[in-house]
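Note that our numbering has the sequence shown beginning at 40, numbered continuously upward. Structure first, commentary second.
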Amino acid sequence: MKKVLGLVLVILLVSLAFSINWKQFDGTTIRILANRHPWTTMIEPLIPEFESLTGIKVVLEVFPEDQFRTKRTVEISSGVADVDLFMIMPGQDAKKYTLENWLYPLSGLIKDPNLTDESWDYSDFFAGVLEGGNFGGIQYAIPIQAETSLLAYRKDIFEAFGIEVPQTMEELENVAKMLTLDFDKDGKADFYGITLRGKGAAATSQFVDFLYTIGGEWMKNGKWALDSKEAINAFEFYGKLLRKYGPPGATNIHWYESTSYFMQGKAAMIYDANVFKGLYEDPEKSKVAGKVGYAMIPAGPNGLRKPHVSQWDLAIYSGSKNPEAAWLFIQWATTKEMSLKGLLEYGIPAARASSWNSSEYKAKDPNPDWTKASMDSFAVGNPVWNPPVINVSEARDIVGTIIITAIQGGNVEKAIKSALSQLRFVE
């Protein structure tokens with residue numbers, strides 16, 4: 040399959056060369072800042088193909104997420120950055136970046152027949168996903184994947200214990216409790232019922248699904264609603280899962296640590312981004328490859344299932360000296376063929392309809408339960424997955440303190456009161 044898709048990509052590049060002049064920026068160098076992500080794992084070894092096609096040299100710098108976000112903001116806000124393009128999560132950063140005029144408008148590039156090949160097909164992207172990077176009718180970012188979160192679980196262990204996939208939050212806790220095990224009999228668990236993000240701000244990305252599903256919301260009528268009964272229950276429930284049934288040092292667990300626990304065979308369940316299927320199912324990196332099942336988030340007390348929907352995009356820095364060359368990279372990196380390759384080989388949820396509808400994917404889908412759970416989540420997901428403010432990072436940091444308090448078994452209502460006194464000053 041990989042050889043076939045590789046051949047398809049070669050054919051694609053040859054065909055595109057006859058449509059636009061891919062060598063028009065020969066000799067240019069572009070610098071890209073990227074987050075460590077399954078997409079960068081896929082794209083990095085393919086960059087020589089782009090360099091051969093265009094004559095453009097690519098300097099790709101990849102960092103862990105926290106470091107990436109800090110480096111990107113520091114460089115761009117300085118006004119003297121030599122970066123040309125970067126990954127961006129619109130739901131978290133695009134509003135602020137647009138207001139700061141840090142994003143280069145792409146609509147003109149998209150419409151330019153000398154720069155955009157017809158086969159790229161802008162209309163093939165899911166409209167709702169494109170909307171995340173569109174402000175005032177202007178496209179500022181192009182999606183490299185669409186994302187939601189799913190419950191991943193060990194099928195073999197569930198079968199061995201005669202356990203059904205949890206359909207409610209109550210069942211989720213019961214299963215997590217049942218599968219928190221002490222194999223070496225030293226009085227401490229060495230196999231965990233569930234692993235989740237617990238590192239403050241980073242945990243908000245998954246906590247929000249519990250917040251919505253349990254019936255809470257970030258804001259109501261323009262005012263923070265984190266002190267509602269439902270929100271309090273969501274904080275306490277999320278914290279309890281990690282405190283009682285999760286790995287040690289939970290308040291330091293980001294997605295990398297959480298997925299590592301699961302891939303090492305040390306946890307029965309994980310709730311995190313569906314894009315990580317590619318990691319779970321990689322036999323060279325994961326001990327649980329071929330043993331994982333996938334499901335939507337379990338229902339809340341009112342039968343509601345409300346996961347979030349988000350995405351990672353590519354955007355050009357407004358101060359780039361090479362915006363057209365950067366656009367050629369974005370176009371090449373987001374073709375239909377590249378989207379399908381990511382979906383088939385890396386489990387990267389495609390932002391293009393053609394990928395999901397392709398006969399290749401339907402015939403070779405290795406995890407139909409993952410596909411169904413992803414599609415079901417996309418259908419009902421809430422795109423407002425971050426606190427709906429401009430200074431998202433500041434708000435996430437503050438909300439993260441509540442999550443940490445909940446994990447540590449502290450007074451959640453007191454933590455919420457303290458957080459709200461700070462959040463009311465966040466714009």
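All C-beta atoms in this analysis are idealised placements derived from N, C-alpha and C, irrespective of residue type, glycine included.
Please classify residue i as buried or exposed, where buried requires at least 16 neighbouring CB atoms within 10 angstroms.
i    : result
F464 : exposed
S297 : buried
L382 : buried
D225 : exposed
L343 : exposed
E466 : exposed
L250 : buried
N341 : exposed
I292 : buried
I177 : exposed
D266 : exposed
E203 : exposed
A365 : buried
G339 : buried
A402 : exposed
F107 : buried
T410 : buried
F125 : buried
K316 : buried
S117 : exposed
S349 : buried
F222 : exposed
Leaving out five residues on either side along the sequence, give the residues of the same chain with a beta carbon under 6 Å from the beta carbon of residue i.
i    : result
D75  : Sequence inspection shows Arg at residue 75; the Asp mentioned does not correspond to that position. These residues qualify, in order along the chain: V101, P103.
T68  : K96
V331 : A191, Y319
Q461 : I437
Who pairs with residue i in a beta bridge, going by DSSP?
i    : result
Q184 : W351
T207 : A338
F125 : L72, A354
E100 : L72
W294 : W294 pairs with nothing; no bridge assigned.
V331 : R193
W263 : M258
R391 : F164
D311 : L189
A306 : Y231
N421 : H347
L142 : Y356
F174 : I177
Within its chain, find whatever has a CB closer than 7 Å to the CB of residue i; leave out the 5 residues flanking it on each side and keep chain order.
i    : result
L318 : P77, T298, M302, K324, S325
F165 : A185, A390, A392
W141 : I115, Y356, S357
Q245 : S188, L235, R236, Y310, D311
I196 : L218, A307
Would you grab the beta carbon distance between residue i and residue j for me? Rounded to a whole angstrom, and I think it's under 8 Å.
i    : j    : result
L148 : L154 : 5 Å
I181 : I369 : 5 Å
G278 : Y231 : That belief does not hold up - the Cβ atoms of G278 and Y231 are roughly 15 Å apart, past 8 Å.
I446 : G237 : 5 Å
F276 : M208 : 7 Å
L72  : I429 : Going by Cβ atoms, the distance from L72 to I429 rounds to 21 Å, so no, they are not a contact pair.
Between the options, which lies nearest to residue i when the distance is taken from Cα to Cα?
i    : options                : result
E320 : W61, S158, R193        : R193
E210 : L190, A199, G130, S378 : L190
G329 : Q63, M217, Q447, N406  : N406
I442 : S378, A454, E139, S349 : A454
W351 : F89, N313, K360        : N313
Nearer than 7 Å: is that true of the beta carbon of residue i relative to any heavy atom of the ligand ATP?
i    : result
S299 : Only the bare structure without any ligand can be found here, which leaves the ligand ATP out of the picture.
Quick one: what's got a C-beta closer than 8 Å to residue i's C-beta in the same chain, skipping five residues either side?
i    : result
D65  : T93, G94, I95
M335 : L189, L190, R344, P346, A412, D415, S416
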